[in-house]
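Only one structure is covered here, and it is reproduced in the block below.
There are 2 protein chains.
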Amino acid sequence: MKKNGYQDIKAHIAAMIRSKQWPPGFLLPSEMDLAAQFDCARATVNRALTELADEQIIDRKRKAGSRVRDGSERIVNLKFQFPCREVTSSGKAHKYVSLKREVCAFPEALQHEGTSERALDALKLEGVHYSNDQPFQFEQTWICRDTCAESEGEMPDHSAPCLRLLQKSPYFHGSMTISVARASQEEARYLGVRTGDPLLIKDLVLTEGHGGPPVARMRMSYRASYTIAGTF
Amino acid sequence: MKKNGYQDIKAHIAAMIRSKQWPPGFLLPSEMDLAAQFDCARATVNRALTELADEQIIDRKRKAGSRVRDGSERIVNLKFQFPCREVTSSGKAHKYVSLKREVCAFPEALQHEGTSERALDALKLEGVHYSNDQPFQFEQTWICRDTCAESEGEMPDHSAPCLRLLQKSPYFHGSMTISVARASQEEARYLGVRTGDPLLIKDLVLTEGHGGPPVARMRMSYRASYTIAGTF
DNA sequence: AAGTGGTCTAGACCACTTA
DNA sequence: AAGTGGTCTAGACCACTTA
């Protein structure tokens with residue numbers, strides 16, 4: 001008989017849950033009981049259950065125990081490439097052309113709630129990304145001058161703000177909104193479409209850690225033929 | 233002096249990396265050395281490093297050791313609610329109206345590569361979701377009859393296929409594509425827009441586990457005012 | 001008050017990878 | 001051949017939560 005590793009235990013418990021033998025709400029045996037059942041140390045069961053909790057399959061609470069979670073409440077975890085990486089990682093030639101550079105207020109709607117009432121200063125950069133000389137992405141970036149040291153000097157015009165930000169603080173967190181909008185005159189010109197044509201928009205706010213103060217906001221526009229693909 | 237728990241160690245190492253004192257490519261001390269430095273057991277260091285690896289901050293390999301990862305290669309992990317849950321969880325009244333129900337081939341482009349050459353049978357369901365009596369989402373669902381037992385009988389017309397699928401196998405995996413399309417006559421009629429108006433499209437394929445055979449495909453259309461919001 | 005999970009320890013064995 | 005991380009063990013202490 002094979003040894004019961006934490007992955008076997010995890011798989012076994014996941015199977016009980018998937019098959020509804022342990023339905024949503026079901027109270028799992030305690031770690032001690034499971035350790036006895038699987039003939040292993042409690043730490044081994046603990047690791048299996050901790051991972052199942054990370055995967056939103058069970059809920060765990062001291063004294064109350066571990067319960068099968070209602071699967072319909074699960075949060076989807078969509079994995080995909082960071083916007084600016086898509087071109088180069090598909091083997092295509094990437095080029096960025098800077099269009100504008102100015103100091104302005106950090107976009108209001110997205111200011112962090114905890115910040116002071118005065119408007120935050122931002123460095124705004126606009127540019128277009130090309131994939132094999134085809135316009136691919138129109139990018140507007142606001143870099144918050146209060147939270148991001150990099151503001152003026154170190155920003156060469158030929159490298160994309162999104163990639164520089166990524167280099168600078170690669171362990172980012174933040175929020176993202178995906179929507180549809182009609183092309184402004186400017187967007188239409190640079191993306192090679194007509195004014196009013198539908199575009200796909202990604203709007204990200206990068207923060208210091210989860211829910212921290214904003215570091216930057218990036219608004220990226222794509223032609224309607226663009227798609228976001230990911231797995232979950 | 234405070235005890236060094238795995239979270240302290242993890243935070244300390246993350247800080248070294250974020251501050252670039254340990255730059256991308258840097259070889260971390262071995263678990264044994266770190267355990268000595270932090271005056272703790274190797275298992276404690278191991279847990280800290282394992283989590284940092286899960287978060288794509290370091291790469292670990294036996295014998296080669298742990299290295300700081302190039303942050304610009306990180307995969308974004310966007311968390312958001314499952315499509316059909318959005319209405320009810322925002323407190324609005326949800327209603328589903330079934331429109332069509334037929335047997336057809338499982339959509340070709342999305343058939344799994346490992347499956348046989350013959351076309352897969354599917355039960356196709358079409359319907360509209362309402363949020364407070366406003367049309368909200370037009371849904372087309374193909375349920376694969378080879379992999380999903382639930383096909384004909386148990387599908388009452390009044391409950392949404394996406395929610396039933398979620399109830400039935402809540403521990404889903406799969407892939408999703410987000411795109412922009414122009415409304416067909418049918419979509420326009422049911423969503424209350426004009427033919428040719430831009431829509432946001434979510435196209436998901438649910439599979440058995442990661443990369444397994446397809447269980448279902450769902451294509452969801454939304455008016456242009458709809459947005460997808462998530463955090464990462 | 002009692003039972004649960006969260007975490008740590010000191011040791012062990014081993015698979016894997018490189019030198 | 002040697003060093004690394006992956007995993008397990010048997011025990012421990014304790015924070016948290018409920019009954």
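Heads up: the protein sequence lines correspond to chains A and B, in order.
Sequential numbering from 1 applies to the first sequence in the working numbering.
Sequential numbering from 233 applies to the second sequence in the working numbering.
All C-beta atoms in this analysis are idealised placements derived from N, C-alpha and C, irrespective of residue type, glycine included.
These numbers come from a predicted model, not from an experiment.
Residue-chain proximity (residue i, chain B), Cβ-Cβ < 8 Å
i	result
residue 9/A	no
residue 85/A	yes
residue 111/A	Caution applies to residue 111/A, whose pLDDT of 47 falls short of 50 and renders its modelled position unreliable; the value that the coordinates give is listed next. Closer than 8 Å: no.
Cα-Cα separation between residue i and residue j, rounded to whole angstroms
i	j	result
residue 233/B	residue 273/B	With a pLDDT of only 42 at residue 233/B, under 50, the local geometry of the prediction cannot be trusted, and no value is derived from it.
residue 436/B	residue 406/B	7 Å
residue 191/A	residue 320/B	38 Å
residue 122/A	residue 129/A	21 Å
residue 302/B	residue 159/A	18 Å
residue 327/B	residue 93/A	48 Å
residue 281/B	residue 374/B	42 Å
residue 316/B	residue 255/B	43 Å
residue 210/A	residue 288/B	16 Å
residue 446/B	residue 377/B	10 Å
residue 429/B	residue 72/A	32 Å
residue 352/B	residue 334/B	14 Å
residue 285/B	residue 246/B	11 Å
residue 90/A	residue 21/A	44 Å
residue 250/B	residue 263/B	20 Å
residue 27/A	residue 59/A	10 Å
residue 208/B	residue 279/B	Nothing can be reported for residue 208/B: it is not among the residues displayed for chain B, which extend from 233 to 464.
residue 139/A	residue 217/A	10 Å
residue 219/A	residue 86/A	16 Å
residue 412/B	residue 169/A	31 Å
residue 337/B	residue 62/A	49 Å
residue 206/A	residue 266/B	31 Å
residue 399/B	residue 7/A	25 Å
residue 408/B	residue 77/A	11 Å
residue 444/B	residue 4/A	25 Å
residue 464/B	residue 229/A	16 Å
residue 225/A	residue 79/A	20 Å
residue 440/B	residue 357/B	20 Å
Beta-bridge pairing of residue i - partner residues as DSSP gives them
i	result
residue 336/B	354/B
residue 370/B	360/B, 453/B
residue 291/B	299/B
residue 312/B	76/A
residue 407/B	231/A, 437/B
residue 216/A	143/A, 206/A
residue 97/A	128/A
residue 182/A	198/A
residue 27/A	67/A
Residues that residue i contacts on chain B, provided the C-beta gap is smaller than 9 Å
i	result
residue 224/A	411, 412, 413, 414, 430
8 Å Cβ cut-off: residues of chain B touching residue i
i	result
residue 174/A	463, 464
residue 72/A	314, 317, 395, 398, 399, 402
Closer than 8 Å to chain A by CB, residue i
i	result
residue 276/B	no
residue 308/B	yes
residue 368/B	no
residue 324/B	no
residue 495/B	The structure shown does not extend to residue 495/B, since chain B spans only 233 to 464, so no value can be given for it.
residue 311/B	yes
residue 237/B	no
With 16 other Cβ atoms within 10 Å as the buried cut-off, status of residue i
i	result
residue 37/A	exposed
residue 306/B	buried
residue 359/B	buried
residue 195/A	exposed
residue 43/A	exposed
residue 185/A	exposed
residue 164/A	buried
residue 434/B	buried
residue 10/A	buried
residue 459/B	exposed
residue 415/B	buried
Under 8 Å from the C-beta of residue i: neighbouring residues of chain A
i	result
residue 459/B	177, 178, 179
Neighbour list for residue i in chain A, Cβ cutoff strictly below 7 Å
i	result
residue 290/B	The contacting residues do not exist; residue 290/B stays about 11 Å from chain A at best.
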